[in-house]
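>
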Amino acid sequence: MREIPAQKLSAEKFAAYGVFADMIAPQGEKIGEAPILFYRDMVQLPLGTSTIASLSVCQVEKREPVIDVSEFHTAVGEAILPLDADVVIHVAAATPTDAPPADKIEAYLVPKGTLVVLKPGVWHHAPFAVDTQRANVLIVLPERAYAMDCTVRPIPEKDQIKVSL
Numbered sequence: 000m001r002e003i004p005a006q007k008l009s010a011e012k013f014a015a016y017g018v019f020a021d022m023i024a025p026q027g028e029k030i031g032e033a034p035i036l037f038y039r040d041m042v043q044l045p046l047g048t049s050t051i052a053s054l055s056v057c058q059v060e061k062r063e064p065v066i067d068v069s070e071f072h073t074a075v076g077e078a079i080l081p082l083d084a085d086v087v088i089h090v091a092a093a094t095p096t097d098a099p100p101a102d103k104i105e106a107y108l109v110p111k112g113t114l115v116v117l118k119p120g121v122w123h124h125a126p127f128a129v130d131t132q133r134a135n136v137l138i139v140l141p142e143r144a145y146a147m148d149c150t151v152r153p154i155p156e157k158d159q160i161k162v163s164l
């Protein structure tokens, strides 16, 4: 089984997959002065033709960090925000086929409070909890995208990947 490291997020390395922002210690343009600061337009989420964003929680329990399944959304992006624990996500760039590109998958450590927005077509799946038994992760997608625009594919056993945390 191939093993890959969980990399630290960097704008340069992650640009092919999307963007991210620290939502707890924000940087950049802001409106107002202490005690109220509004950090505006930090990231954008492509909603496709939908006008409704739906907020859900993906609760992941500690499990073996083996990537054995992946998914993508053709027309929409996905926002991922670990609420109470650090997590690891896997990603791979969009492909012209619906087979996960196991040889191109990378893993990233996403600290709690860091919002990641994936581009449409980027392969991914449920995060892995890192230092806790359970992590609650806010997922933002257009309403019912998980039912109408979600292609999920298993990764053959010979191509599965272990993530070193």
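Residue numbering for the sequence shown follows the working numbering, starting at 0 and increasing by one per position. Where a beta carbon is used, it is the ideal one built from N, C-alpha and C, also for glycine.
Using a Cβ-Cβ cutoff of less than 7 Å, which residues in the same chain neighbour ASN135 once the five nearest sequence positions on both sides are dropped?
Cβ within range, chain order: VAL56, GLN58, LEU82 and ASP83.
> Check ASP102 in the structure and name its three-state DSSP category.
Three-state DSSP puts ASP102 in a helix.
> Using beta-carbon positions only, say whether MET41 and GLY27 come within less than 8 Å of one another.
Against a cut-off of 8 Å, the Cβ pair of GLY27 and MET41 comes out as a contact.
> Counting only runs of 3+ residues fully inside the segment 52-85, write out the beta strand (DSSP E) ranges in chain order.
You should have 52-60, 68-71 and 77-81.
> Return helix, strand or coil for TYR146, following the three-state DSSP convention.
Correcting the residue identity first, residue 146 is Ala in this sequence and not Tyr. If DSSP states are grouped into helix, strand and coil, ALA146 belongs with the helices.
> With H, G and I counted as helix, E and B as strand and the rest as coil, what does DSSP make of ALA15?
Residue state, collapsed to three classes: coil.
> Do the CB positions of THR73 and PRO141 come within less than 8 Å of each other?
No. Outside cutoff.
> Only counting the same chain, and skipping five residues up and downstream in sequence, which positions put a Cβ closer than 8 Å to that of ARG152?
Excluding residues within five positions, the ones whose Cβ falls inside 8 Å are VAL68, SER69, GLU70, ASP97, ALA98 and PRO99.
> Using a 10 Å radius around the Cβ and a threshold of 16 neighbouring Cβ atoms, would you call LEU54 buried or exposed?
Exposed, because fewer than 16 other Cβ atoms sit within 10 Å of the Cβ of LEU54.
> Do the CB positions of GLN159 and VAL65 come within less than 8 Å of each other?
Going by C-beta atoms, GLN159 is nearer than 8 Å to VAL65.
> Count the other C-beta atoms from every protein chain shown that fall within 10 angstroms of the C-beta of LEU80, then say buried if there are 16 or more, exposed otherwise.
So LEU80 counts as buried.
> So does the segment 125-135 actually touch the segment 32-39, counting three or more Cβ pairs closer than 8 Å?
Because the criterion of three Cβ pairs below 8 Å is not met, the segment 125-135 and the segment 32-39 do not touch.
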